[in-house]
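Colleague: Going down the list, the sequences are from chains S and E. Going by numbering that gives the first Met the number 0, the first residue of the first sequence is number 0, and it counts up by one from there. Going by numbering that gives the first Met the number 0, the first residue of the second sequence is number 0, and it counts up by one from there. The structure follows.
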Amino acid sequence: MKKSITVFGAMAATMIATSAFAGTLEDVTARGTLSCGVNTGLPGFSLQDDKGNWTGIDVDVCRAVAAAVLGDATKVRFVPLTAKERFTALQSGEIDMLSRNTTWTHTRDTSLGLNFAGVNYYDGQGFLVQKALGVKSAKELDGASVCIQAGTTTELNLADYFRLNGMKYSAVVYDTSDQTREGFEAARCDILTSDQSQLYAIRSKMADPTSAVVLPEVISKEPLGPVVRQGDDAWFNIVKWTLYAQVNAEEMGVTSANAMEMKTAADPNVKRLLGTEGDAGAKLGISADWAYNVVSQVGNYGEMFERNVGLKTPLAIARGLNALWNNGGLQYAPPIR
Amino acid sequence: MADPIQQPDVDSHSKTAIWNDPTFRSITFQVLAVVVLGWFFYTIFSNTLHNMESRGITTGFAFLDNTSGFGILMSLIEYDETHTYGDTFIVGLLNTLLVSVVGIITATIIGFVMGVARLSKNWLIAKIATVYVESLRNIPLLLQIFFWYALMRTLPPPRGSIQLIQDAVLLNGRGLYMPAPVPADGFGFVNIALLVAVIASIVLVKWTKKRQEATGQLFPAYWTSLGMIVGLPLGVFLIAGMPMSLDYPVLKGFNFVGGMRIIPEFMALWWALSLYTATFIAEIVRAGILAVSHGQTEAAHALGIPNGPTLRLVVIPQAMRVIIPPLTSQYLNLAKNSSLATAIGYPDLVGVFMGTTLNQTGQAVEIVAMTMMVYLVMSLSISALMNWFNKRMAMVER
Ligand SMILES: N[C@@H](CCC(=O)N[C@@H](CS)C(=O)NCC(=O)O)C(=O)O
Numbered sequence: 000m001k002k003s004i005t006v007f008g009a010m011a012a013t014m015i016a017t018s019a020f021a022g023t024l025e026d027v028t029a030r031g032t033l034s035c036g037v038n039t040g041l042p043g044f045s046l047q048d049d050k051g052n053w054t055g056i057d058v059d060v061c062r063a064v065a066a067a068v069l070g071d072a073t074k075v076r077f078v079p080l081t082a083k084e085r086f087t088a089l090q091s092g093e094i095d096m097l098s099r100n101t102t103w104t105h106t107r108d109t110s111l112g113l114n115f116a117g118v119n120y121y122d123g124q125g126f127l128v129q130k131a132l133g134v135k136s137a138k139e140l141d142g143a144s145v146c147i148q149a150g151t152t153t154e155l156n157l158a159d160y161f162r163l164n165g166m167k168y169s170a171v172v173y174d175t176s177d178q179t180r181e182g183f184e185a186a187r188c189d190i191l192t193s194d195q196s197q198l199y200a201i202r203s204k205m206a207d208p209t210s211a212v213v214l215p216e217v218i219s220k221e222p223l224g225p226v227v228r229q230g231d232d233a234w235f236n237i238v239k240w241t242l243y244a245q246v247n248a249e250e251m252g253v254t255s256a257n258a259m260e261m262k263t264a265a266d267p268n269v270k271r272l273l274g275t276e277g278d279a280g281a282k283l284g285i286s287a288d289w290a291y292n293v294v295s296q297v298g299n300y301g302e303m304f305e306r307n308v309g310l311k312t313p314l315a316i317a318r319g320l321n322a323l324w325n326n327g328g329l330q331y332a333p334p335i336r
Numbered sequence: 000m001a002d003p004i005q006q007p008d009v010d011s012h013s014k015t016a017i018w019n020d021p022t023f024r025s026i027t028f029q030v031l032a033v034v035v036l037g038w039f040f041y042t043i044f045s046n047t048l049h050n051m052e053s054r055g056i057t058t059g060f061a062f063l064d065n066t067s068g069f070g071i072l073m074s075l076i077e078y079d080e081t082h083t084y085g086d087t088f089i090v091g092l093l094n095t096l097l098v099s100v101v102g103i104i105t106a107t108i109i110g111f112v113m114g115v116a117r118l119s120k121n122w123l124i125a126k127i128a129t130v131y132v133e134s135l136r137n138i139p140l141l142l143q144i145f146f147w148y149a150l151m152r153t154l155p156p157p158r159g160s161i162q163l164i165q166d167a168v169l170l171n172g173r174g175l176y177m178p179a180p181v182p183a184d185g186f187g188f189v190n191i192a193l194l195v196a197v198i199a200s201i202v203l204v205k206w207t208k209k210r211q212e213a214t215g216q217l218f219p220a221y222w223t224s225l226g227m228i229v230g231l232p233l234g235v236f237l238i239a240g241m242p243m244s245l246d247y248p249v250l251k252g253f254n255f256v257g258g259m260r261i262i263p264e265f266m267a268l269w270w271a272l273s274l275y276t277a278t279f280i281a282e283i284v285r286a287g288i289l290a291v292s293h294g295q296t297e298a299a300h301a302l303g304i305p306n307g308p309t310l311r312l313v314v315i316p317q318a319m320r321v322i323i324p325p326l327t328s329q330y331l332n333l334a335k336n337s338s339l340a341t342a343i344g345y346p347d348l349v350g351v352f353m354g355t356t357l358n359q360t361g362q363a364v365e366i367v368a369m370t371m372m373v374y375l376v377m378s379l380s381i382s383a384l385m386n387w388f389n390k391r392m393a394m395v396e397r
């Protein structure tokens, strides 16, 4: 079984060396590709089409890091992982970073030997219900059977929510998102719960999408973001600042289309971002035009959002919490100086 | 070289030094091997834990006392999300044991029936058994599990339940619902009656054996025992005025509540494991019976022993000697294969503990080690039990 192999791989790898993982940047540069752990298949976040091309906002985070480090956004090897496999894959060194709709929580940050490098999508947990049941609110769900995916924060939030509201439930736990959806479609359970952004994607994959409705309640905070191994601060900084570069670029109006001409813009902030002034790249140990490569090849944060999950995509998600801070959202990046 | 004269208490024929003594040597080397092996594993384990610690990964077994915070679909003990990770271990363990034990029992029954059926002189029966064995034995178990689970998925939702017995036994996509017996005052007498019947049966069987050895007279002790074990508690139950009520499942909100329920994940796994393993058992049984030479049957008949006792007293005991050792490995296989449960969401040890608990705590090394220990102990116990059974069945030379 693949799972146990990853687990044993982790054990074996941990036994062999303590500090072999310090130089992720050197490893990636020497190898010439970035190994990035992504979701096995989640529309808008990480999905492989029949030609083998990956798309999604999580996938683009990997590409942005590759552009910053290697100067080429295509130099990524995507490693599809289930929820249960993801942390072991990162701990064992199988991947250089994890970008798989992973919620930043205290336990994960403090006890897994990992660090969260930021938030590329602010999410929250919601419910998908069989329309025939006529349920209008999550408060009416006492006694329901719930389909859910193993190894997620979703499992814990669900228990908390029902306990808090004095309701009972029975959890049917599957390994993959497809199994979870099939269980829901076959009426093995009354509700399916997951991060809200995914409910629409899951519903769109159903044989009859109109037979299910998304309830209004959002029961948790799910800040999703890229993860790296603890103890490699140089690499941590690169992933963190790649995200910030995209957010800063959006704020300054730098896009993939105008990045070239913006290099000579009057604003010193833009100049520092695009590497025509200052030494931001050198301080990260990468080339001066790192952020220029990110924005010109992958786009700024807003472009990345709209392309993958925005209103013009099948998911049709509004910016909401993911708007820039000066636009009523939470996306805020420290200045590059 | 030691001089034997200086060691007057040593037997005169042991002229060699102690390190040349084969018994001493073999014991020393064995002890040494165990110590080295133990040290080897200890080093690996403590080294791993140390390295993980220094990388900021939490280690140790303290997590077992923390609140789990997640629900589990099916539990044989009382469990909810306020219990600990230690409890999730027990819940998963019991679910694994349940499906293994029930699976072993049904696989044995089906396997013996099919094994004998393949040898049947009735062409149709023999062919049916052959087709069953040859087809199911050659389809991967995981596919069979998926097949049964897919079949379960075609069942209707709770509101459209199939009424197997009106309002009492129901089948739907959430499982098979049955009334649950609730013992009332006075049910204790029934239990006492059962105990008395069991003790009486044991005494009866012993007495019958003794009498048969002394006088050669036969007595149908097993049938009488069965009658006592069923009849006595039933009689007491009726006399005591049936001190028991039934708790029927009723549709309340989304699901049926009350009664007993067998979840579809359990049924799919149980059937798949039983039907798959039974094919191998059938072949073992067939081989075992064929291994007893026909001369044995003829000899028994020549002594005037009728057909039934010939099978029971001559053929089966000899066949069992051939059957038991390979049967043991089938039992071991079934117990280990039960870990495929995760594929369909049956909450066994691997799914609950090595799955969810491992993921929520991140303590892979401890959890994988505990899980491996469980399968090791389980397998060794099955082996030990079957070895004991094998010894009892082995040829007693008189
Ligand atoms: N954000 C949550 C949930 C992440 C997660 O794995 N979500 C599931 C759906 S609830 C998913 O992405 N499944 C897709 C797949 O495994 O293919 C976490 O980090 O634990």
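A virtual CB, placed ideally from N, CA and C, is assigned to each residue, including glycine. Computed from a predicted model, the values in this text were never measured in an experiment.
If you measure from the beta carbon of residue 118 (chain E) to each beta carbon in chain S, is any gap under 7 Å?
Modeller: Taking the second sequence and counting its residues from 1, one reaches residue 118 (chain E) at position 119. With 7 Å as the cut-off, residue 118 (chain E) does not count as an interface residue toward chain S.
Colleague: Is it right to say residue 1 (chain E) is buried, meaning 16 or more other beta carbons lie within 10 angstroms of its own, or is it exposed?
Modeller: On the second sequence, position 2 is the one that residue 1 (chain E) refers to. For residue 1 (chain E), the predicted model reports a pLDDT of 48, less than 50, meaning its position is unreliable and no value from the coordinates is stated.
Colleague: Report the residue from S:332, S:70 and S:147 whose alpha carbon sits nearest the alpha carbon of residue 71 (chain E).
Modeller: What you label residue 71 (chain E) is simply residue 72 of the second sequence in a count that begins at 1. The shortest Cα separation from residue 71 (chain E) among S:332, S:70 and S:147 belongs to S:147.
Colleague: Please confirm if residue 317 (chain S) has its CB atom under 7 Å from at least one CB of chain E.
Modeller: Along the first sequence, read from residue 1 onward, the residue named residue 317 (chain S) stands at position 318. Not an interface residue.
Colleague: Tell me whether residue 135 (chain S) sits in a helix, a strand or coil according to DSSP, three-state version.
Modeller: Within the first sequence, the letter at position 136 stands for residue 135 (chain S). DSSP places residue 135 (chain S) in coil when its eight states are reduced to three.
Colleague: I'd like to confirm the pairing. Which residues does DSSP put opposite residue 76 (chain S) in its beta bridges?
Modeller: By one-based count along the first sequence, residue 76 (chain S) stands at place 77. In the DSSP output, where bridge partners are listed per residue, residue 76 (chain S) has S:34.
Colleague: With a threshold of 8 Å on Cβ separation, who are the neighbours of residue 211 (chain E) within its own chain once the five nearest residues in sequence on each side are excluded?
Modeller: In the second sequence, counting from the first residue as 1, residue 211 (chain E) sits at position 212. For residue 211 (chain E), where only same-chain residues beyond five positions count, the Cβ hits under 8 Å are 217 and 218.
Colleague: Report the partner residues of residue 174 (chain E) according to the DSSP bridge assignment.
Modeller: As a position in the second sequence, residue 174 (chain E) is number 175, starting the count at 1. DSSP lists E:171 as partners of residue 174 (chain E).
Colleague: CB-CB under 6 Å to residue 391 (chain E), same chain, minus the five flanking residues each way: which ones, in chain order?
Modeller: Here residue 391 (chain E) refers to the residue found at position 392 of the second sequence. Correct list: empty, nothing qualifies.
Colleague: Establish whether the CB of residue 108 (chain S) and some CB of chain E are separated by less than 7 Å.
Modeller: Residue mapping note: residue 108 (chain S) aligns to position 109 of the first sequence, counting from 1. No, residue 108 (chain S) lies away from the interface with chain E (no Cβ there is under 7 Å from its Cβ).
Colleague: Could you compute how far the alpha carbon of residue 293 (chain S) sits from the alpha carbon of residue 191 (chain S)?
Modeller: Along the first sequence, one-based indexing puts residue 293 (chain S) at 294. Along the first sequence, one-based indexing puts residue 191 (chain S) at 192. Cα to Cα, the separation comes out at about 37 Å.
Colleague: Please tell me whether residue 185 (chain S) has its Cβ less than 7 Å away from any Cβ of chain E.
Modeller: In the first sequence, counting from the first residue as 1, residue 185 (chain S) sits at position 186. Chain E, which has a Cβ nearer than 7 Å to the Cβ of residue 185 (chain S), makes this yes.
Colleague: Check whether the Cβ atoms of residue 151 (chain E) and residue 267 (chain E) sit closer than 7 Å, and answer yes or no.
Modeller: For the purposes of this step, residue 151 (chain E) is taken as residue 152 along the second sequence, with counting starting at 1. For the purposes of this step, residue 267 (chain E) is taken as residue 268 along the second sequence, with counting starting at 1. Cβ distance < 7 Å, so residue 151 (chain E) and residue 267 (chain E) count as in contact.
Colleague: With hydrogens ignored, establish whether the beta-carbon of residue 148 (chain S) is closer than 6 Å to any heavy atom of ligand 1.
Modeller: By one-based count along the first sequence, residue 148 (chain S) stands at place 149. Answer for residue 148 (chain S): yes, Cβ within range of ligand 1.
Colleague: Run through DSSP, which three-state label would residue 329 (chain S) get?
Modeller: As a first step, residue 329 (chain S) is located in the first sequence; it is residue number 330 there, counting from the start. In the structure shown, residue 329 (chain S) sits in coil (DSSP, three-state: anything other than H, G, I, E or B).
Colleague: Using a Cβ-Cβ distance under 7 Å, would residue 160 (chain S) count as near chain E?
Modeller: Indexing the first sequence from 1 puts residue 160 (chain S) at position 161. No - not a single Cβ of chain E is within 7 Å of the one on residue 160 (chain S).
Colleague: Secondary structure at residue 278 (chain S), three-state DSSP: helix, strand or coil?
Modeller: Within the first sequence, numbered from 1, the residue matching residue 278 (chain S) stands at position 279. In the structure shown, residue 278 (chain S) sits in coil (DSSP, three-state: anything other than H, G, I, E or B).
Colleague: Hey, is residue 252 (chain E)'s beta-carbon within less than 7 Å of any beta-carbon in chain S?
Modeller: Numbered from 1 along the second sequence, position 253 holds the residue referred to as residue 252 (chain E). So yes, residue 252 (chain E) belongs to the interface.
Colleague: Taking C-alpha atoms, which residue in S:219, S:127 and S:280 lies nearest to residue 69 (chain S)?
Modeller: The residue you call residue 69 (chain S) lines up with position 70 of the first sequence. Of the candidates S:219, S:127 and S:280, the one whose C-alpha sits nearest the C-alpha of residue 69 (chain S) is S:280.
Colleague: Taking 7 Å as the CB-CB cut-off, is residue 361 (chain E) touching chain S?
Modeller: Counting from one through the second sequence, the residue named residue 361 (chain E) turns up at place 362. Yes - at least one Cβ of chain S is within 7 Å of the one on residue 361 (chain E).
Colleague: Using a cut-off of 7 Å between C-beta atoms, extract the partners of residue 341 (chain E) located in chain S.
Modeller: Here residue 341 (chain E) is taken as the residue at index 342 of the second sequence, counted from 1. Going along chain S in sequence order, the residues near residue 341 (chain E) (Cβ under 7 Å) are 174.
Colleague: Tell me whether the beta-carbon of residue 243 (chain E) lies closer than 7 Å to the beta-carbon of residue 183 (chain E).
Modeller: Within the second sequence, numbered from 1, the residue matching residue 243 (chain E) stands at position 244. Within the second sequence, numbered from 1, the residue matching residue 183 (chain E) stands at position 184. Yes, Cβ-Cβ distance for residue 243 (chain E) and residue 183 (chain E) is below 7 Å.
Colleague: What would DSSP say about residue 298 (chain S), mapped onto helix, strand or coil?
Modeller: Your numbering for residue 298 (chain S) matches position 299 in the first sequence. Correct three-state label for residue 298 (chain S): coil.
Colleague: Quick one: any contact between the region 249 to 263 of chain S and the region 290 to 306 of chain S, if contact means 3 or more CB pairs under 8 Å?
Modeller: Segments in contact, yes.
Colleague: With a cut-off of 7 Å, does the C-beta of residue 336 (chain S) fall near any C-beta of chain E?
Modeller: Along the first sequence, read from residue 1 onward, the residue named residue 336 (chain S) stands at position 337. So, not an interface residue.
Colleague: Closer than 6 Å between the C-beta and any heavy atom of ligand 1: which residues qualify, listed along the chain?
Modeller: Qualifying residues, in the order they occur: S:38, S:39, S:40, S:41, S:81, S:82, S:100, S:101, S:102, S:148, S:151, S:152, S:153, S:175, S:176, S:193, S:194, S:197, S:221 and S:223.
Colleague: Three-state secondary structure (DSSP) at residue 61 (chain S)?
Modeller: One-based indexing of the first sequence puts residue 61 (chain S) at position 62. Residue 61 (chain S): helix per DSSP, three-state reduction.
Colleague: Looking at the strands, I want to know which residues DSSP matches up with residue 264 (chain E).
Modeller: Residue numbering aside, residue 264 (chain E) sits at position 265 when the second sequence is read from its first letter. Residue 264 (chain E) is not bridged to any residue.
Colleague: Does residue 68 (chain E) have its Cβ less than 7 Å from a Cβ in chain S?
Modeller: Taking the first residue of the second sequence as position 1, residue 68 (chain E) is located at position 69. Yes, residue 68 (chain E) lies at the interface with chain S (some Cβ there is under 7 Å from its Cβ).
Colleague: Please confirm if residue 83 (chain S) has its CB atom under 7 Å from at least one CB of chain E.
Modeller: For the purposes of this step, residue 83 (chain S) is identified with residue 84 of the first sequence, where counting begins at 1. Closer than 7 Å to some Cβ of chain E, the Cβ of residue 83 (chain S) qualifies, so yes.
Colleague: So, are the CB atoms of residue 364 (chain E) and residue 111 (chain E) less than 7 Å apart?
Modeller: Taking the first residue of the second sequence as 1, we reach residue 364 (chain E) at position 365. Taking the first residue of the second sequence as 1, we reach residue 111 (chain E) at position 112. For residue 364 (chain E) and residue 111 (chain E), no; Cβs fall outside 7 Å.
Colleague: Within the same chain, show all residues whose beta-carbon is closer than 6 Å to that of residue 274 (chain S), passing over the 5 residues directly before and after it, in chain order.
Modeller: Mapped onto the first sequence, residue 274 (chain S) falls at position 275. Cβ neighbours of residue 274 (chain S) beyond the five flanking positions: 280, 287, 288 and 291.
Colleague: Give, in chain order, every residue of the region 134 to 162 of chain E whose Cβ lies closer than 7 Å to some Cβ of chain B.
Modeller: Of the protein chains in the structure, S and E, none is chain B.
Colleague: Does the beta-carbon of residue 384 (chain E) have 16 or more other beta-carbons within 10 angstroms, so that it is buried, or is it exposed?
Modeller: Taking the second sequence and counting its residues from 1, the one referred to as residue 384 (chain E) is at position 385. Exposed, because fewer than 16 other Cβ atoms sit within 10 Å of the Cβ of residue 384 (chain E).
Colleague: Is the Cβ-Cβ distance between residue 117 (chain S) and residue 224 (chain S) less than 7 Å?
Modeller: Translated into the one-based positions of the first sequence, residue 117 (chain S) becomes position 118. Translated into the one-based positions of the first sequence, residue 224 (chain S) becomes position 225. Taking 7 Å as the Cβ cut-off, residue 117 (chain S) and residue 224 (chain S) qualify as a contacting pair.
Colleague: Between the C-alpha atoms of residue 94 (chain E) and residue 345 (chain E), what's the straight-line distance to the nearest angstrom?
Modeller: Counting from 1 along the second sequence, the entry for residue 94 (chain E) is found at position 95. Counting from 1 along the second sequence, the entry for residue 345 (chain E) is found at position 346. Cα-Cα distance, rounded: 9 Å.
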